[in-house]
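Colleague:
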Amino acid sequence: MPHLLPPMNALRAFEAVARCGSILKAAEDLGVVRGAVRQQIAALEAHFGTALFRRDGRSLVLTEPGRAYAEAVAEAFAILARASAELDAGHRGRLKLGVPSAFAVWWLMPRLAALQAALPQVEIDIMPMTVVEALSRHPELDAVIMGGEYRPSPDITATRFMEDEFGPVAAPELASRLGLAAGPAGLAAATGLTSRSAPTLWDDWFTESGTPPVRFARMQAFEDLLLAIGAARSGLGVAVAPRTAVEDDIARGGLAAPWGFTRRPAGYSLCRRAADAASPPLAALAGWLLAAGAQG
Numbered sequence: 001m002p003h004l005l006p007p008m009n010a011l012r013a014f015e016a017v018a019r020c021g022s023i024l025k026a027a028e029d030l031g032v033v034r035g036a037v038r039q040q041i042a043a044l045e046a047h048f049g050t051a052l053f054r055r056d057g058r059s060l061v062l063t064e065p066g067r068a069y070a071e072a073v074a075e076a077f078a079i080l081a082r083a084s085a086e087l088d089a090g091h092r093g094r095l096k097l098g099v100p101s102a103f104a105v106w107w108l109m110p111r112l113a114a115l116q117a118a119l120p121q122v123e124i125d126i127m128p129m130t131v132v133e134a135l136s137r138h139p140e141l142d143a144v145i146m147g148g149e150y151r152p153s154p155d156i157t158a159t160r161f162m163e164d165e166f167g168p169v170a171a172p173e174l175a176s177r178l179g180l181a182a183g184p185a186g187l188a189a190a191t192g193l194t195s196r197s198a199p200t201l202w203d204d205w206f207t208e209s210g211t212p213p214v215r216f217a218r219m220q221a222f223e224d225l226l227l228a229i230g231a232a233r234s235g236l237g238v239a240v241a242p243r244t245a246v247e248d249d250i251a252r253g254g255l256a257a258p259w260g261f262t263r264r265p266a267g268y269s270l271c272r273r274a275a276d277a278a279s280p281p282l283a284a285l286a287g288w289l290l291a292a293g294a295q296g
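Counting along the sequence shown from 1, when you hit position 258 you're at 258 in UniProt numbering, and nothing is skipped either side.
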């Protein structure tokens, strides 16, 4: 019953503060002044007669009632966003798919023609993501491809469609100069290349391969994994990369993988909201990914 609902502006402000963690960031997100956000939060707390946030230093932290309400409000906005997108598109055969930008370049885009041929009834918008975040943070998306040790929430259906192999790579001249063929000890004289989009790849590789961690001479971080791989190709240092991202470079002699690649069972998963998982477009996409992933 609409007359029991709080004002929509108060709900929008509450959702933004809960998501952003501060009134300042929420105001920037909504394009309003901080005072307006404070006023809406105060009105919402007065409406319910209970505190929705508590202050922790400079941050606002949800109370227990606030956390439960924030989850419901976020899901409600997500439902509205999806319904609006479907109405705007005029049909349910259009999907917005969030994909890690590096994965999109090296794996998905070379297969895009095959995907479109296999699913002619589905229009798929590929949305590259430099920083990959869970689907719950992106109500505008229908599904997200996640890599690594992702733990889906109960309202998310995750289908793993491909395993992964990854390992250190370097320009052949640098690998030879560091003596990497003799073992990982040579990494101590190298520059370790990392990316902010996949910051744990080196730690993951040391763990999965059973290799004792090595302290690099220096570290250099790039915004995206593609840039880190490009830096390795130029001879700047050593990066950890998925096999699928660099196998062409290795075949052409542009990169060397001195210790091969280590299996990474977590692989890649298609994540979609459980309520939408059985929809024909998403089911068709999941089926195609499973078949394509099985081929490597």
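We put the CB at the ideal spot given by N, CA and C, even for glycine.
When DSSP labels each residue in this structure, what does Arg273 get in the three-state scheme?
Modeller: On the sequence shown, position 273 is the one that residue 273 refers to. Three-state result, Arg273: strand.
Colleague: Who does Arg218 pair with in a DSSP beta bridge?
Modeller: Locating residue 218 in the sequence shown gives position 218, counting from the first residue. Paired residues: Thr191.
Colleague: Within the continuous beta strand (DSSP E) that includes Ala256, where are the two ends?
Modeller: Taking the sequence shown and counting its residues from 1, the one referred to as residue 256 is at position 256. Here Ala256 belongs to no beta strand (DSSP E), and DSSP marks it neither H nor E.
Colleague: Sort Ala221, Leu187, Val17 and Pro168 by Cα distance to Trp205 and report the nearest one.
Modeller: Working through the sequence shown from its first residue, we reach residue 205 at position 205. Trp205 has its Cα closest to that of Pro168, out of Ala221, Leu187, Val17 and Pro168.
Colleague: Pairs of beta-carbons, one from the segment 267-276 and one from the segment 243-252, closer than 8 Å: are there three or more?
Modeller: They do not touch, by the three-pair rule.
Colleague: Applying the 10 Å Cβ sphere with the 16-neighbour rule, what's the burial state of Arg54?
Modeller: Position 54 of the sequence shown, counted from the first residue, corresponds to residue 54. It counts as exposed.
Colleague: Could you spell out where the beta strand (DSSP E) holding Ser136 opens and where it closes?
Modeller: Residue 136 sits at position 136 when you count from the first residue of the sequence shown. Run containing Ser136: none; DSSP gives neither H nor E here.
Colleague: Rounded to whole angstroms, how far is the Cβ of Ile41 from the Cβ of Ala13, which I believe are closer than 8 Å?
Modeller: Reading the sequence shown from its first residue, position 41 is the one you call residue 41. Reading the sequence shown from its first residue, position 13 is the one you call residue 13. 6 Å between Cβ atoms; contact.
Colleague: Given this structure, state the Cα-to-Cα distance separating Pro258 from Ala185, to the nearest angstrom.
Modeller: Here residue 258 refers to the residue found at position 258 when the sequence shown is read from its first residue. Here residue 185 refers to the residue found at position 185 when the sequence shown is read from its first residue. Rounded to whole angstroms, Pro258 to Ala185 spans 12 Å at the Cα level.
Colleague: Just how far apart, CA to CA, sit Gly90 and Gln116?
Modeller: One-based indexing of the sequence shown puts residue 90 at position 90. One-based indexing of the sequence shown puts residue 116 at position 116. Note that Gly90 has pLDDT 47, beneath the 50 cutoff, so the model's placement of it is unreliable and the number below is only indicative. Cα-Cα distance, rounded: 19 Å.
Colleague: Tell whether a beta-carbon distance below 9 Å holds between Gly179 and Met129.
Modeller: Position 179 of the sequence shown, counting from 1, holds the residue named residue 179. Position 129 of the sequence shown, counting from 1, holds the residue named residue 129. No; because the gap between Cβ atoms is not below 9 Å, this pair is not in contact.
Colleague: To the nearest angstrom, report how far apart Glu165 and Arg264 are at their CA atoms.
Modeller: Counted from its first residue, the sequence shown places residue 165 at position 165. Counted from its first residue, the sequence shown places residue 264 at position 264. Roughly 5 Å separates the two Cα atoms.
Colleague: In its own chain, which residues sit with a C-beta less than 7 Å from the C-beta of residue 330, not counting the 5 before and 5 after it?
Modeller: Residue 330 falls outside the range modelled here, since the chain spans only 1 to 296, and no answer is possible.
Colleague: In chain order, what residues of the same chain have a beta carbon less than 7 Å from the beta carbon of Asp29, not counting five sequence neighbours either side?
Modeller: Position 29 of the sequence shown, counting from 1, holds the residue named residue 29. Same-chain partners within the cutoff: Ala16 and Cys20.
Colleague: Taking the straight line between their C-alpha atoms, what separation do you get for Glu173 and Leu255?
Modeller: Taking the sequence shown and counting its residues from 1, the one referred to as residue 173 is at position 173. Taking the sequence shown and counting its residues from 1, the one referred to as residue 255 is at position 255. Their backbone Cα atoms lie some 9 Å apart in a straight line.
Colleague: How many angstroms separate the CA atom of Pro120 from the CA atom of Asp276?
Modeller: Position 120 of the sequence shown holds residue 120. Position 276 of the sequence shown holds residue 276. Their backbone Cα atoms lie some 20 Å apart in a straight line.
Colleague: Checking the sheet assignment: what are the DSSP bridge partners for Thr159?
Modeller: By 1-based counting over the sequence shown, the position of residue 159 is 159. Note: Thr159 sits in a beta bridge opposite Leu270.
Colleague: Buried or exposed: where does Asp224 fall if 16 or more other Cβ atoms within 10 Å of its Cβ makes it buried?
Modeller: One-based indexing of the sequence shown puts residue 224 at position 224. By the C-beta density criterion, Asp224 is buried, having at least 16 other C-beta atoms within 10 angstroms.
Colleague: Would you kindly work out how many angstroms separate the C-alpha atoms of Asp155 and Ala274, rounded to a whole number?
Modeller: Along the sequence shown, read from residue 1 onward, the residue named residue 155 stands at position 155. Along the sequence shown, read from residue 1 onward, the residue named residue 274 stands at position 274. Approximately 5 Å between the Cα atoms of the pair.
Colleague: Just tell me which of Pro281, Val37, Ala239 and Ala286 has its CA closest to the CA of Thr200.
Modeller: If you number the sequence shown from 1, residue 200 lands on position 200. Measuring from the Cα of Thr200, the nearest candidate turns out to be Ala239.
Colleague: Put Ser131 into one of helix, strand or coil per three-state DSSP.
Modeller: As a first step, residue 131 is located in the sequence shown; it is residue number 131 there, counting from the start. The question names Ser, but residue 131 in the sequence shown is Val. Residue state, collapsed to three classes: coil.
Colleague: Out of Ser195, Ser176, Thr157 and Ser197, which one is the CA nearest neighbour of Ala189?
Modeller: In the sequence shown, the residue the question calls residue 189 occupies position 189. Ala189 has its Cα closest to that of Ser176, out of Ser195, Ser176, Thr157 and Ser197.
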